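Numbering (the numbering used here), first residue to last: 106 to 231. Before any comments, here is the structure.
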């Protein structure tokens, strides 16, 4: 139980201490301030509003972070997809060039053999 006694500009608090009677304790004016019930209720409402606003801001920030994360993930997946396409195109081009090289080598070998045969044939009749 606490009772405040205000006399001559001094604040004193009367505190019941475990059945041993009452004792007086001097209270510093900066430590405790008397406010009306309506002021207290107004401050409590403001505190609740600010707490709700802070929670809303936290949720909004989390939502924005998730959106950014999704966007970055989509961009990454798109870059990976394009990279795979380029790689596949390059592999196909390399395979095409290998086949073309083999065909050219076969064609050159065929022409060389044909030229060699013609040369040998012409030497036989000369």
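All C-beta atoms, glycine included, are put in the ideal place defined by N, C-alpha and C. Quick caveat, the model's predicted, so the values are computed rather than measured.
According to DSSP, is residue i part of a helix, a strand, or is it coil?
| i | result |
| --- | --- |
| residue 178 | helix |
| residue 141 | coil |
| residue 217 | helix |
Any heavy atom of the ligand NAP closer than 7 Å to the Cβ of residue i?
| i | result |
| --- | --- |
| residue 184 | This structure lacks the ligand NAP, and indeed carries no ligand of any kind. |
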